[in-house]
Each structure stands twice: as structure tokens, then as C-alpha cells.
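Enquirer:
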Amino acid sequence: MTASTVQPRKKINLDRFIFVERYAPTLIKWDILAYFGTHPEAIVSALDLSQLLDRNYQVVRRNVGDLALQGMLDMMDGSPHPLYR
Numbered sequence: 070m071t072a073s074t075v076q077p078r079k080k081i082n083l084d085r086f087i088f089v090e091r092y093a094p095t096l097i098k099w100d101i102l103a104y105f106g107t108h109p110e111a112i113v114s115a116l117d118l119s120q121l122l123d124r125n126y127q128v129v130r131r132n133v134g135d136l137a138l139q140g141m142l143d144m145m146d147g148s149p150h151p152l153y154r
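Note that the working numbering has the sequence shown beginning at 70, numbered continuously upward.
(1) With DSSP as the reference, label Leu118 as helix, strand or coil.
(2) Given a cut-off of 9 Å on the beta-carbon distance, is the pair Tyr104 and Ala93 in contact?
(3) Just mark Lys38 as buried or exposed, buried being the case when its beta carbon has 16 or more other beta carbons within 10 Å.
(4) CA-CA distance, Thr95 and Val75?
(5) Expressed to the nearest angstrom, what Euclidean distance is found between the alpha-carbon atoms of Asn82 and Gln120?
(6) Using 10 angstroms around the beta-carbon of Leu138, count the other beta-carbons present and answer buried if the total reaches 16, otherwise exposed.
(7) How close, in whole Å, do the beta carbons of Ile190 and Leu118 come, if the pair is a contact with beta carbons under 8 Å?
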């Protein structure tokens, strides 16, 4: 029987960990931020975003609002729904 070798743990990137804990603690917020990260030119309503992400509209609306309050997204007046980028 051979002894298994223990691999040293990699050091956690503290800045990345803090970012995720602060701005993307849930999968929906992660998905929203990932969408805008891969589509930086996008300007969409919560309704459109919920359809793009195949997520519940109320959940998306609440979370994009939170991210806008945290300064991660810009919220613009739109008719009939606010727009986010």
C-alpha cells in the first residue's frame, strides 16, 4: 500500500473572495453579474433579463435593484420598466 501524497492548498485570492461574498453571494446575483460581464454593452430591463437568464421575473427584479443600490449596475429610467447596465 502506498502513501497518498497530500497536495498543499492553494492560497485563496482574498480580493476575489470578498467580491463574491459582497456582490454575488447567491447564484442569481452571480448569473446577473456574469451576464453583464460577458455583455458589457447590454442595456436591459429586469423583465428582459429574466427572460434571457430563464429566471423568475420578481427574483431578477429584486436582485438587479440590490446590485444597482450597491453600485454594481447602473439603473436608468425606462418606460415602462427601469433599464440596467
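Cβ coordinates follow ideal geometry from the N, Cα and C atoms, glycine included.
Expert: Reading from the atomic positions:
(1) Leu118: helix per DSSP, three-state reduction.
(2) Here Tyr104 is not near Ala93, since their CB atoms are 9 Å or more apart.
(3) There is no way to answer for residue 38, as the model of the chain reaches only from 70 to 154.
(4) Using only the alpha carbons, I get a separation of about 32 Å.
(5) Their Cα atoms are separated by approximately 33 Å.
(6) By the 16-neighbour rule on beta-carbons within 10 angstroms, Leu138 is exposed.
(7) Given that the chain is displayed from residue 70 to residue 154, the structure contains no residue 190 and the question cannot be resolved.
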